[in-house]
Amino acid sequence: MPVVLRSANTYWLLVLPFLAAVAFLYLAPIANILWLSFTDPQPGLGNYAKLATSDSLARIVWTTLRICLLTTVISVFLGYALAYAIVHALAREQRWMLTLVLISFWISVLVRTFSWLMLLGHNGVVNNALQATGLTDAPIAFMRNELGVLIGMVQYMIPYAVLPLLTNMQGLDRRVLDASRSLGASNRQTFLRIFLPLSMPGIFAASLLVFIISLGFYVTPAILGGGKVLMVAEYISVQILVTLRWGTAAMLATLMLAGVLVLLALMNRFMKLGALFGGGGR
Amino acid sequence: MRRGLAERVNRLAAWLILLFLVAPALVAIPVSLTPKAFLSMPQGEYSLRHFIHLFTSPAWLSSFWQSAVIATCATILATLVGTLAAIGLWRISSRASEVVRAFLLLPLIIPPIISAMAFYRLWIPLKLLDSYAGLILAHTILAAPMVLITVSASLANFDPRLEQASRNLGASMPTTLWRVILPSIRPGIYGGAIFAFILSWDEVVVALFISKFSVYTLPRRMWNGIRENTDPTVAAAAVVLIAATLVAYFIYDIAQRRRAAGRIDERSNDQ
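Line order of the protein sequences matches chains A and B. So the first sequence is numbered by the numbering used here: it starts at 1 and just counts up by one. So the second sequence is numbered by the numbering used here: it starts at 1 and just counts up by one.
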């Protein structure tokens, strides 16, 4: 089979530029960072030991996990309601709903974070409206706290939850649901005993995806948290750009990367990664 | 079909969630029209001064220009390497190629903060810090997986027998690539290119690490403006970005619909 072999080799040539760029310009420096976490400033597990000894470090990791978990639960819940409505809407309404989801997916994260700043500040639109209508008499602190970070993150993550859920729900066999109804089950029973269990893989995939992206999220927490809510990504950037402590930063990056890769491997069992992008609704 | 109460509640909730997703961005529009020199809602009076400042200030203009140059170069490079890799992997299609594919998708899924550290670390010895080349290369690596995904999706619908026929009729591989494969996967390439452009145009985390003085992209300038939280020019920039996003989205949407329509035509011709 020399001919086949040769042609396979020529096709590898097409892959080579991208593969070389990723290997040498991306994964090599990441490996270097992992290495740093064990060697800087001294060789050993000193950086990891700080997790147990430093209260502030442990608190940052805990804050990050808590916020990511809350974000995941809320966005997947809201995303599920949205995906369910989209799947059951009539064609015209469905098109509009999908368009809005994808547009929000595309709008710059900076623009959205800026908008939340305008809406949620002390003199923001929301507080002014609440006071004008007499619902509150003092501004509510929506920002520089976990509430603000959660609002911003959930809004960013809902589309990421909707897309895998849609892919899953659209793949369900309608005849099973029809069979359930024609056998006398109520809508509620059909949902709870047929639809929900069948959409569990979608829920798992959406939760893992949202959690993975939340873990490394930087822009929204940094701005809406206003320095009061410190999460791992922002802490890493401070360690590198301000205090120049590469060892600690590398240790946190290693933990984050390990978490992401483990969750990714888990997620790969529920759905193909490629199916998530490019508008899962089509 | 009769809609039950639960269905109606669900439908209403869905529209409220959609409102929550899209509406907040709209607040940038009134803020950008304030006549005041600080961030505020306009009260009865409107002014375009912040848009005028956006399009006349040398600092903002240079950021627009830099972002456009970087995003264009990164898009061209990412589209090139991403498309070639997608075709190669599609043709090889073995266990090894699937492992490589997963490998190539990593830059898309690894948190941007870790990517930023990696580029920062490597760009120091390579002297690429704070240079166009540094940012273009970094954005190329981050955006090429997008192209790989969209082109692979197009290839999944492409009949491999067409390629074999071309090769059997004596066409060389470059000719086959250029005259048979590329024209059939054009929608995927365009889609990937649009995604790549948006990604680079909008990217801020890596830019914060590897650019400083001589390179200062639009997101980076906006980031600083948002952090200092005083200059309404940021609101004007946000409005321009929203408009650009909508235009890009509708171009993409029309292309997708045309592609779907084309596929239906092909099918009806088959029958």
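Glycine included, each C-beta is placed from N, C-alpha and C at the ideal position.
Cβ of residue i within 8 Å of any chain B Cβ
{"i": "residue 285 of chain A", "result": "Residue 285 of chain A is absent from the model: chain A starts at 1 and stops at 282."}
{"i": "residue 115 of chain A", "result": "yes"}
{"i": "residue 255 of chain A", "result": "no"}
{"i": "residue 12 of chain A", "result": "yes"}
{"i": "residue 285 of chain A", "result": "The structure shown has nothing for residue 285 of chain A, since chain A only spans 1 to 282."}
{"i": "residue 26 of chain A", "result": "yes"}
{"i": "residue 32 of chain A", "result": "yes"}
{"i": "residue 155 of chain A", "result": "yes"}
{"i": "residue 284 of chain A", "result": "The first residue shown for chain A is 1 and the last is 282, placing residue 284 of chain A beyond what the model contains."}
{"i": "residue 112 of chain A", "result": "yes"}
{"i": "residue 18 of chain A", "result": "yes"}
{"i": "residue 233 of chain A", "result": "yes"}
{"i": "residue 216 of chain A", "result": "yes"}
{"i": "residue 251 of chain A", "result": "no"}
is_contact[residue i, chain A] using C-beta, thresh 8 Å
{"i": "residue 120 of chain B", "result": "yes"}
{"i": "residue 258 of chain B", "result": "no"}
{"i": "residue 22 of chain B", "result": "yes"}
{"i": "residue 227 of chain B", "result": "yes"}
{"i": "residue 103 of chain B", "result": "yes"}
{"i": "residue 74 of chain B", "result": "no"}
{"i": "residue 245 of chain B", "result": "yes"}
{"i": "residue 111 of chain B", "result": "yes"}
{"i": "residue 181 of chain B", "result": "no"}
{"i": "residue 25 of chain B", "result": "yes"}
{"i": "residue 219 of chain B", "result": "yes"}
{"i": "residue 251 of chain B", "result": "no"}
{"i": "residue 202 of chain B", "result": "yes"}
{"i": "residue 163 of chain B", "result": "no"}
{"i": "residue 168 of chain B", "result": "no"}
{"i": "residue 174 of chain B", "result": "no"}
{"i": "residue 95 of chain B", "result": "no"}
{"i": "residue 199 of chain B", "result": "no"}
{"i": "residue 7 of chain B", "result": "yes"}
{"i": "residue 134 of chain B", "result": "no"}
{"i": "residue 107 of chain B", "result": "yes"}
{"i": "residue 157 of chain B", "result": "no"}
{"i": "residue 185 of chain B", "result": "no"}
{"i": "residue 11 of chain B", "result": "yes"}
Unbroken alpha helix (DSSP H) run spanning residue i, endpoints
{"i": "residue 63 of chain A", "result": "55 to 88"}
{"i": "residue 176 of chain B", "result": "173 to 176"}
{"i": "residue 41 of chain A", "result": "Counting along the chain, residue 41 of chain A falls outside any alpha helix (DSSP H), and DSSP gives it neither H nor E."}
{"i": "residue 113 of chain A", "result": "109 to 120"}
{"i": "residue 11 of chain B", "result": "5 to 26"}
{"i": "residue 201 of chain A", "result": "200 to 215"}
{"i": "residue 109 of chain B", "result": "95 to 109"}
{"i": "residue 115 of chain B", "result": "112 to 126"}
{"i": "residue 133 of chain A", "result": "Run containing residue 133 of chain A: none; DSSP gives neither H nor E here."}
{"i": "residue 168 of chain B", "result": "160 to 168"}
{"i": "residue 129 of chain B", "result": "Where residue 129 of chain B is concerned, there is no enclosing alpha helix (DSSP H), given that its DSSP letter is neither H nor E."}
{"i": "residue 217 of chain B", "result": "It is not in any alpha helix (DSSP H) - residue 217 of chain B carries neither H nor E in the DSSP assignment."}
{"i": "residue 223 of chain A", "result": "219 to 224"}
{"i": "residue 179 of chain B", "result": "Run containing residue 179 of chain B: none; DSSP gives neither H nor E here."}
{"i": "residue 142 of chain A", "result": "First-last for residue 142 of chain A: undefined, no H or E at that position."}
{"i": "residue 300 of chain A", "result": "Residue 300 of chain A is absent from the model: chain A starts at 1 and stops at 282."}
Status (buried if at least 16 other CB within 10 Å, exposed otherwise) for residue i
{"i": "residue 10 of chain A", "result": "exposed"}
{"i": "residue 8 of chain B", "result": "exposed"}
{"i": "residue 53 of chain A", "result": "exposed"}
{"i": "residue 139 of chain B", "result": "buried"}
{"i": "residue 46 of chain B", "result": "exposed"}
{"i": "residue 99 of chain B", "result": "exposed"}
{"i": "residue 225 of chain B", "result": "buried"}
{"i": "residue 262 of chain A", "result": "exposed"}
{"i": "residue 65 of chain B", "result": "exposed"}
{"i": "residue 134 of chain A", "result": "exposed"}
{"i": "residue 242 of chain A", "result": "exposed"}
Residues that residue i contacts on chain E, provided the C-beta gap is smaller than 7 Å
{"i": "residue 194 of chain A", "result": "Judged by its chain identifiers, the structure shown contains no chain E, and its protein chains are A and B."}
Heavy atom of the ligand NAD within 7 Å of residue i beta-carbon
{"i": "residue 23 of chain B", "result": "The ligand NAD is not among the ligands present in this structure, which contains no ligands whatsoever."}
Subject >> Runs of alpha helix (DSSP H) lying entirely within the stretch 183 to 215 of chain B, each at least 4 residues, in chain order >> reply: When DSSP assignments are scanned along the stretch 183 to 215 of chain B, the uninterrupted stretches of alpha helix (DSSP H) that are 4 or more residues long and fall wholly within it turn out to be 186 to 202, 205 to 210.
Original post:
Within the chosen definition, does the stretch 193 to 201 of chain A reach the stretch 218 to 227 of chain A through at least 3 CB pairs nearer than 8 Å?
Top reply: Flag = no, the stretch 193 to 201 of chain A and the stretch 218 to 227 of chain A do not touch.
**OP:** Ignoring anything shorter than 4 residues or poking outside the stretch 43 to 76 of chain B, list the alpha helix (DSSP H) runs there in chain order.
**Re:** Within the stretch 43 to 76 of chain B, the complete alpha helix (DSSP H) runs of at least 4 residues are 49 to 56.
Original post:
Unbroken alpha helix (DSSP H) runs of length 4 or more, entirely within the stretch 227 to 275 of chain A: which are they?
Top reply: DSSP runs (the alpha helix (DSSP H)) wholly in the stretch 227 to 275 of chain A: 232 to 241, 246 to 267.
Original post:
Going along the chain, which unbroken runs of the alpha helix (DSSP H) with 4 or more residues stay wholly within the stretch 153 to 195 of chain A?
Top reply: The qualifying runs are 174 to 182, 187 to 190.
**OP:** Evaluate contact between the stretch 106 to 115 of chain A and the stretch 24 to 42 of chain B, counting only Cβ atoms and requiring at least three cross-stretch pairs below 8 Å.
**Re:** Taking 8 Å as the limit for Cβ pairs, the verdict is that the stretch 24 to 42 of chain B does touch the stretch 106 to 115 of chain A.
Subject >> Validate contact between the stretch 196 to 206 of chain B and the stretch 214 to 226 of chain B using beta carbons, cut 8 Å, 3 pairs >> reply: The stretch 196 to 206 of chain B is in contact with the stretch 214 to 226 of chain B.
**OP:** Say whether the stretch 70 to 80 of chain A touches the stretch 151 to 165 of chain A, bearing in mind that this needs 3 or more beta-carbon pairs closer than 8 Å, one atom from each stretch.
**Re:** Contact holds: three or more Cβ-Cβ distances are below 8 Å.
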